[in-house]
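Worksheet for the structure shown next.
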Amino acid sequence: MEAKWCFLAKMALLVMLVVVVNGDEEVKTIVKIVKGKKVCDKGWECKGLSAYCCNQTISDFFQTYQFENLFSKRNTPVAHASGFWDYHSFITAAAEYQPHGFGTTGGKLMGQKEVAAFLGHVGSKTSCGYGVATGGPLAWGLCYNKEMSPSQTYCDDYYKYTYPCTPGVSYHGRGALPLYWNYNYGKTGEALKIDLLNHPEHIENNATLAFQAAMWKWMTPEKKHLPSAHDVFVGKWKPTKNDTLAKRVPGFGTTMNVLYGDQVCGKGDDESMNNIVSHYLYYLDLMGVGREEAGSHDVLSCAEQLPFNQAPASASSS
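In terms of mature numbering (1 follows the signal peptide of the UniProt record, and there is no 0), the sequence shown is residues -23 to -1, 1 to 295.
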């Protein structure tokens, strides 16, 4: 009898810790107070006792059907990466960065907007959409996972002592925010603890890794004195006087400045810039947020912004 009651007590505890929702297991949130601050652990998706994990996680407000709506043409027969990208890969990659604030900074609205902003960049950089494409040109994000006809191997010999090129290896564009050049593969590989310098093809062979590389770029400042795209979007970055004079303000426009610099910013009504903005607005609408939440024109655009950095000739990421 005692053994039976012990078994029932253990089962009751298990039921308290695990909630079954729509057939999926959802781990009960662990809440602690550390140094006077509330921190949480939500299991696999937001693990590690972080203040950000006390907020809604991405799967709470962005689910499989929404991912399918955003990238509705990615698995068509004419898509170049058909069968590669999926929601599971996205959410698995995001789990690494949600404890650091990706999609978990602020309330639900800010989380939705950041996911739309990040995917707006991804969609525009991996699209094979064109003016009269079925479903419209914005429906073709995640069509590619690599550059189809590279014109060069993207080996910059300036980095031969830090990120030397591997003989016979090409460092052409691959991934969700395409990586170019040996030094970018080297830095990203170091961060993700995987040898991308010798094996850049890992990015085009693993969708989770491809999303992780893009999220690392979104969350990480290019240089110590610069903000990350995440910081400028969610409002963690405070512009200096020089930033204000350069017309750099928190919001979506400055994410383009962080990621691409003078390739798209400070050039007026640039087609590439407008394409990225259009994807962001389109995704906000499809996610049920609405483009009216995107902000004013000066927040959305970087047309008049001075770039944080002048991009070197070998920094193309288009």
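Glycine included, each C-beta is placed from N, C-alpha and C at the ideal position.
To the nearest angstrom, report how far apart residue i and residue j are at their CA atoms.
i	j	result
residue 222	residue 285	12 Å
residue 71	residue 163	21 Å
residue 97	residue 47	10 Å
residue 137	residue 167	16 Å
residue 128	residue 45	32 Å
residue 211	residue 266	16 Å
residue 101	residue 252	6 Å
residue 132	residue 104	25 Å
residue 7	residue 18	5 Å
residue 42	residue 170	32 Å
residue 65	residue 35	12 Å
residue 56	residue 151	15 Å
residue 31	residue 182	34 Å
residue 240	residue 21	37 Å
residue 63	residue 264	17 Å
residue 216	residue 145	44 Å
residue 302	residue 140	Nothing can be reported for residue 302, as the shown portion of the chain is limited to -23 through 295.
residue 33	residue 143	43 Å
residue 259	residue 268	7 Å
residue 249	residue 5	44 Å
residue 206	residue 11	28 Å
residue 247	residue 281	10 Å
residue -3	residue 180	With a pLDDT of only 35 at residue -3, under the threshold of 50, the placement of this residue in the model should not be trusted; the figure read from the coordinates follows. Rounded to whole angstroms, residue -3 to residue 180 spans 33 Å at the Cα level.
By Cβ distance, which residues of its chain are closer than 6 Å to residue i, with the 5 residues on each side in sequence left out?
i	result
residue 153	99, 187, 188 and 191
residue 279	230, 233, 234 and 242
residue 39	92
residue 149	124, 127 and 131
residue 82	211
residue 254	277
residue 78	29
Just mark residue i as buried or exposed, buried being the case when its beta carbon has 16 or more other beta carbons within 10 Å.
i	result
residue 76	buried
residue 158	buried
residue 90	buried
residue 245	exposed
residue 177	buried
residue 202	exposed
residue 155	buried
residue 193	buried
residue 119	buried
residue 209	buried
residue 134	exposed
residue 112	exposed
residue 274	exposed
residue 261	buried
residue 161	buried
residue 224	buried
Can you check DSSP and say which residues form a bridge with residue i?
i	result
residue 273	Looking at the DSSP assignment, residue 273 forms no beta bridge with any residue, so it has no partner.
residue 17	8 and 27
residue 268	DSSP, once it has assigned bridges, lists no residue as partnering residue 268.
residue 151	123 and 156
Leaving out five residues before and five after residue i in sequence, what residues of the same chain have Cβ atoms less than 7 Å from its Cβ?
i	result
residue 204	198, 214 and 235
residue -22	Confidence at residue -22 is low in this model, with a pLDDT of 46, below 50, so the placement of that residue is unreliable and no value is reported for it.
residue 276	226, 228, 229 and 230
residue 95	195
residue 9	16 and 26
residue 107	114
residue 184	61, 62, 63 and 66
residue 256	97, 100, 101, 115 and 118
residue 24	18 and 76
residue 121	57, 58, 103 and 105
residue 69	185
At a Cβ threshold of 8 Å, is residue i touching chain C?
i	result
residue 13	Included in the structure is just one protein chain, with no chain C present.
Taking 7 Å as the cut-off, does the CB of residue i come closer than this to any heavy atom belonging to the ligand PLP?
i	result
residue 226	You won't find the ligand PLP in this model; it holds no ligand whatsoever.
Among the residues of its own chain, which have a CB less than 8 Å from the CB of residue i, if the five just before and after it don't count?
i	result
residue 110	50, 116 and 117
residue 59	51, 52 and 53
residue 165	156, 173, 190, 193 and 194
residue 28	14, 15, 16 and 17
Would you list, in sequence order, the uninterrupted alpha helix (DSSP H) runs of no fewer than 4 residues that lie entirely inside the segment 76 to 147? If only complete runs of 4 or more residues are kept, the segment 76 to 147 shows the alpha helix (DSSP H) at 85 to 102, in order along the chain.
Just to confirm the assignment: which complete alpha helix (DSSP H) runs, minimum length 4, are found wholly within the segment 208 to 237? With a minimum length of 4 residues, the continuous alpha helix (DSSP H) runs that stay inside the segment 208 to 237 are 218 to 222 and 229 to 237.
With a floor of 4 residues, list each alpha helix (DSSP H) that falls wholly inside the segment 161 to 209, ordered by position along the chain. Fully enclosed alpha helix (DSSP H) runs of no fewer than 4 residues occupy 179 to 182 and 184 to 196 of the segment 161 to 209, in order along the chain.
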